[in-house]
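Encoded as structure tokens, the structure appears first; notes follow it.
Structure below.
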């Protein structure tokens, strides 16, 4: 029994220590933007107040145990009774009120700041205002940039140091948008759109997740937030607006033909993708070759692309691509993988 308790204690201690570990691109405890910093400050403030209360109550508890313990020869001595003391009643009434006020003022202030998405709801967007329609699907993410009129999938690209407003919606069931280092999570519902904003202080790549249990590949429903410097972001937008996937090298034209025959009914390689939202049932692949990941979970290598094309179900169970197209030969898969990897900006 002792050994079991030692093991439980060791595992609990390790869980506590590991729970505080994280990296800047995916930890709520290392905020990388204004929204995340406000939420982190509230977390620290509320935790500090709770710890203070626990320490004070524990100290009083220990003092009372020691000071008023029963002593030999004093079994019949009754300590001074303080029941009905107005002074004590005022103290333990006023102190909690003050602590609640200390917590309530920044909480209410930050709540209104985080909920302010008025800039995204104007009929005509102000110059420089970035609004992205985020659609969660089984099990991938689509990002439609309203001002730039381009569409990406799996990678949300935003400029550093600037608020980006998000209109969040689920295309099938409820999901939840979460980029731990940039902002708290927000549900994506099929029936209504939720709104939030995120901001990243500096360029880099941050991990995003679905935070609502949504099916067998819920844990694999990941995406990236790529943050570029302002000039780099403008160059990226300009390049995406020109990307139509039509002009390709002669070496990958066979793969392009396979794509048009087997994949074009669901996927698009035109970044502007004028199809209505209901018709966009599969990820836009306009800049597939520039992405870090395949299916949002595996390194973007030719080997993983072929594995995904050959057996999507083995990589992401329950995905809607499984059995959507006829069986491809190894030669067709090789050609298609080469074509997909060629879909890069500027090429």
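In this note's numbering, the protein residues as written are 5 to 351. Glycine included, every Cβ here is placed at the ideal spot set by N, Cα and C.
Close beta carbons around residue i, own chain, < 6 Å, minus the five adjacent residues each side
{"i": "residue 275", "result": "154, 244, 247, 290"}
{"i": "residue 152", "result": "241"}
{"i": "residue 286", "result": "270, 271"}
{"i": "residue 146", "result": "139, 157"}
{"i": "residue 41", "result": "35"}
{"i": "residue 150", "result": "135"}
Buried or exposed (CB count within 10 angstroms, at least 16 for buried), residue i
{"i": "residue 80", "result": "exposed"}
{"i": "residue 196", "result": "exposed"}
{"i": "residue 174", "result": "buried"}
{"i": "residue 277", "result": "buried"}
{"i": "residue 235", "result": "exposed"}
{"i": "residue 125", "result": "exposed"}
{"i": "residue 169", "result": "buried"}
{"i": "residue 294", "result": "buried"}
{"i": "residue 11", "result": "exposed"}
{"i": "residue 233", "result": "exposed"}
{"i": "residue 162", "result": "buried"}
{"i": "residue 139", "result": "buried"}
{"i": "residue 269", "result": "exposed"}
{"i": "residue 96", "result": "exposed"}
{"i": "residue 284", "result": "buried"}
{"i": "residue 60", "result": "exposed"}
{"i": "residue 273", "result": "buried"}
{"i": "residue 92", "result": "exposed"}
{"i": "residue 224", "result": "buried"}
Rounded C-alpha distance that separates residue i from residue j
{"i": "residue 231", "j": "residue 211", "result": "11 Å"}
{"i": "residue 102", "j": "residue 108", "result": "10 Å"}
{"i": "residue 307", "j": "residue 345", "result": "11 Å"}
{"i": "residue 160", "j": "residue 229", "result": "5 Å"}
{"i": "residue 340", "j": "residue 110", "result": "54 Å"}
{"i": "residue 43", "j": "residue 164", "result": "19 Å"}
{"i": "residue 302", "j": "residue 238", "result": "28 Å"}
{"i": "residue 319", "j": "residue 226", "result": "13 Å"}
{"i": "residue 134", "j": "residue 297", "result": "25 Å"}
{"i": "residue 69", "j": "residue 85", "result": "16 Å"}
{"i": "residue 47", "j": "residue 312", "result": "41 Å"}
{"i": "residue 171", "j": "residue 128", "result": "16 Å"}
{"i": "residue 336", "j": "residue 299", "result": "19 Å"}
{"i": "residue 65", "j": "residue 100", "result": "18 Å"}
{"i": "residue 15", "j": "residue 31", "result": "22 Å"}
{"i": "residue 62", "j": "residue 183", "result": "37 Å"}
{"i": "residue 338", "j": "residue 310", "result": "7 Å"}
{"i": "residue 282", "j": "residue 194", "result": "12 Å"}
{"i": "residue 115", "j": "residue 58", "result": "26 Å"}
{"i": "residue 72", "j": "residue 112", "result": "43 Å"}
{"i": "residue 19", "j": "residue 8", "result": "16 Å"}
{"i": "residue 315", "j": "residue 279", "result": "27 Å"}
{"i": "residue 21", "j": "residue 207", "result": "29 Å"}
{"i": "residue 67", "j": "residue 45", "result": "33 Å"}
Supposed contact pair residue j and residue i - C-beta distance, whole angstroms, cut 8 Å
{"i": "residue 240", "j": "residue 121", "result": "With 8 Å as the limit, residue 240 and residue 121 do not qualify as a contact, their Cβ atoms being about 24 Å apart."}
{"i": "residue 249", "j": "residue 347", "result": "6 Å"}
{"i": "residue 37", "j": "residue 205", "result": "6 Å"}
{"i": "residue 343", "j": "residue 263", "result": "6 Å"}
{"i": "residue 148", "j": "residue 137", "result": "4 Å"}
{"i": "residue 106", "j": "residue 53", "result": "7 Å"}
{"i": "residue 317", "j": "residue 305", "result": "The Cβ separation is near 20 Å, so there is no contact."}
{"i": "residue 266", "j": "residue 332", "result": "7 Å"}
Same chain, Cβ closer than 7 Å to residue i, five either side skipped, listed in chain order
{"i": "residue 191", "result": "178, 180, 198, 216"}
{"i": "residue 39", "result": "118, 186, 187, 201, 202, 203"}
{"i": "residue 167", "result": "201, 203"}
{"i": "residue 256", "result": "342, 343, 346"}
{"i": "residue 55", "result": "none"}
{"i": "residue 253", "result": "346"}
Beta-carbon contacts of residue i that lie in its chain and below 8 Å, excluding the five residues immediately before and after
{"i": "residue 219", "result": "142, 143, 177, 322"}
{"i": "residue 209", "result": "29, 228, 229, 230, 231, 296"}
{"i": "residue 222", "result": "143, 214, 216"}
{"i": "residue 349", "result": "240, 243, 244, 247, 291, 294"}
{"i": "residue 49", "result": "106, 107, 110"}
4 or more residues per run - each alpha helix (DSSP H) lying fully within the region 297-324 | 306-314, 316-319
Considering only residues of the region 176-222, which uninterrupted beta strand (DSSP E) runs meet the minimum length of 3 residues and lie entirely inside it, listed in chain order?
-> 179-183, 187-192, 198-202, 208-214
For the region 137-172, which segments carrying the alpha helix (DSSP H) assignment without a break, of at least 4 residues, lie completely within its bounds, in sequence order?
-> none
Within the region 216-283, note down every full alpha helix (DSSP H) run reaching 4 residues or more, in order along the chain.
-> 234-246, 257-266
Mind pulling the alpha helix (DSSP H) runs of 4 or more residues that sit fully within the region 34-96?
-> 38-71
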